[in-house]
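In mature numbering (1 follows the signal peptide of the UniProt record, and there is no 0), the protein residues as written are -24 to -1, 1 to 293. All C-beta atoms, glycine included, are put in the ideal place defined by N, C-alpha and C. Worksheet: one structure, shown below.
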Amino acid sequence: MSPLGRPWSLSLIFLLGMGMAPEGINCPSRCSCQYLEVNCTGQHLQEFPVDIPLDTRQLILAANNISYLPAVELSFLADLVYLDCRKNLLGDDLDFTFIGVAKLAYLDLSFNNLTQVTFSTFSHLLSLVVLKISDNPNLVAIEKDAFSNNTWLRHLDVSRTGLTFLDTSTVQDLPNLRLLGLSENLWHCNCSFLDFITWMTESNVHFPDADNITCYTPAGLRALRMPAAEAQLHFSCLTQLSKQDYVFLCLVGFCIFLAGTMAAWLAGICAVIYEVHTSKGEEEEEEEEEEEEDTIKTRTFRGPGSHWFLLSSPLHR
Ligand SMILES: *[C@@H]1O[C@H](CO)[C@@H](O)[C@H](O)[C@H]1NC(C)=O
Ligand SMILES: *[C@@H]1O[C@H](CO)[C@@H](O)[C@H](O)[C@H]1NC(C)=O
Ligand SMILES: *[C@@H]1O[C@H](CO)[C@@H](O)[C@H](O)[C@H]1NC(C)=O
Ligand SMILES: *[C@@H]1O[C@H](CO)[C@@H](O)[C@H](O)[C@H]1NC(C)=O
Ligand SMILES: *[C@@H]1O[C@H](CO)[C@@H](O)[C@H](O)[C@H]1NC(C)=O
Ligand SMILES: *[C@@H]1O[C@H](CO)[C@@H](O)[C@H](O)[C@H]1NC(C)=O
């Protein structure tokens, strides 16, 4: 063995390695690969591409016909930071899909067919900063705690979805939220939504396209923008009572009625007892008085002339 053998083979391996990377030996077909980036935009893909380099940081699958993201194959891309799946057919159930891509910071799922977002959909994406789920017309429900693990979330877009209602607690505890897209949804402005509108006016989050954030139901508030709707809702929610309030008021009324009846009844009994007692005393007194009168009468009858004479005689003198 020559002393030069070892360094020579090492540099050969090094050269081979250098030569292989830019060639993109394992770049998926119909995709273009650059340094840590795979771009498969608009290639009519029906399925998630195989053979994506494992060190990929940025994966672009926009404008294809992909209807399913395999969680296991995604989880091989442990360094993935940026995933763009806009304009595909992703639907129904994305729960636990992103379980293995914990470094993901940017996720675009707009223009798909999502139907719901639960806690399990994005709960493993602890580094998520940008989430776009706008333009999913069948997206009708977002669970209250859907983003509770996404504490770094800065940009969230739910515009042009099937959402009619969003609970304030879904977004109000996100400490880094700066932008929230809400426009062109058919918002249902009931008294629960008043909470949300109040949060909107008080938070320092930016709401793009604010002119198109309007109520759809009830009919009386249709097309009303959010700050204007707040004033209206304040008025109607404070004056109109809910069913619960009516039940409560009825109960209170009944209690007052019952208490009143009881009090009247007790007062009546007391009055009767008092009357009976006092009338007994009066009768006794009356009897005594009558006795006295009798004695006086009998005395005056005994000697009427002499008494009268004795009393009146000094005045006439
Ligand atoms: C991906 O490729 C498409 C066309 O193939 C191009 O328009 C787009 O800019 C590329 N995206 C990035 C991030 O390079
Ligand atoms: C998706 O598939 C439909 C038919 O299945 C086709 O009409 C459409 O052009 C496809 N879109 C893309 C972006 O491949
Ligand atoms: C979208 O999802 C709904 C409900 O799951 C389904 O009925 C519909 O066919 C889907 N649309 C597309 C284009 O896949
Ligand atoms: C949500 O976050 C908590 C605390 O950061 C963590 O313990 C929990 O595992 C996370 N849940 C999921 C499903 O990742
Ligand atoms: C308002 O509407 C939402 C969704 O339709 C519903 O969950 C909520 O209970 C409603 N609140 C009231 C006070 O009616
Ligand atoms: C509001 O929505 C309408 C209809 O969708 C659209 O034409 C308009 O450009 C939107 N306004 C803004 C400020 O984007």
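Among Ala78, Ser103, Asn64, Ser99, which residue has its Cα nearest to the Cα of proline 86? The identity of residue 86 in the sequence shown is serine, whereas the question assumes proline. Nearest C-alpha to serine 86: Asn64.
So who's on the other strand from lysine 108, going by DSSP bridges? Answer is Asp84, Asp133, bridged to lysine 108.
Looking at the unbroken alpha helix (DSSP H) that takes in cysteine 213, where does it start and where does it end? 202 to 215
Could you tell me the alpha carbon to alpha carbon distance between threonine 144 and leucine 56, rounded to whole angstroms? Across the structure, threonine 144 and leucine 56 are spaced so that their CA atoms are roughly 31 Å apart.
Opposite leucine 155 in the DSSP bridges: which residues? Residue pairing for leucine 155: DSSP places it in a beta bridge opposite His131, His182.
Can you look up cysteine 191 in the DSSP assignment and give me helix, strand or coil? Per DSSP, reduced to three states, the secondary structure at cysteine 191 is strand.
Identify the continuous alpha helix (DSSP H) that holds serine 8 and give its terminal residues. Taken as a continuous stretch (DSSP letters only), serine 8 belongs to no alpha helix (DSSP H), being part of the beta strand (DSSP E) at 8 to 10.
Spatial neighbours of valine 106 in its chain, beta-carbon cut-off 6 Å, leaving aside the 5 residues before and after: Tyr82, His131
Where the beta carbon is closer than 5 Å to any heavy atom of ligand 1, which residues qualify, in chain order? Asn15, Thr17
Which term fits tryptophan 241, buried or exposed, when burial requires 16 or more other beta carbons within 10 angstroms of its beta carbon? exposed
Provide the residue(s) that pair with glutamine 19 in DSSP beta bridges, ordered along the chain. The partner list for glutamine 19 (beta bridge, DSSP) is empty, contrary to what the question assumes.
DSSP state of glutamate 49 mapped onto helix, strand, coil: helix
Give the straight-line distance between the Cα atoms of proline -3 and leucine 59, rounded to the nearest whole angstrom. Low per-residue confidence applies at proline -3: pLDDT is 45, beneath 50, and the placement is therefore not dependable enough to give any value.
Leaving out five residues before and five after glutamine 34 in sequence, what residues of the same chain have Cβ atoms less than 6 Å from its Cβ? Glu13, Tyr58
Report yes if the CB atom of threonine 137 is closer than 8 Å to the CB atom of lysine 120, and no otherwise. no
Taking the alpha-carbon of leucine 209 as reference, which of Ala54, Gln220, Ala195, Asp221 has the nearest alpha-carbon? Ala195
Taking DSSP as the reference, what is the three-state secondary structure of residue 321? There is no way to answer for residue 321, as the model of the chain reaches only from -24 to 293.
In the DSSP assignment, the beta strand (DSSP E) including isoleucine 36 goes from what residue to what residue? 34 to 36
Do you know how far the Cα of cysteine 3 is from the Cα of alanine 117? Across the structure, alanine 117 and cysteine 3 are spaced so that their CA atoms are roughly 37 Å apart.
Residue environment, valine 134, which counts as buried when at least 16 other CB atoms sit within 10 Å: buried
Whose C-beta lies closer than 8 Å to the C-beta of leucine -21 among residues of the same chain, with five residues either side of it excluded? Legend: pLDDT at leucine -21 = 44, less than 50; position of this residue unreliable, no value from coordinates given.
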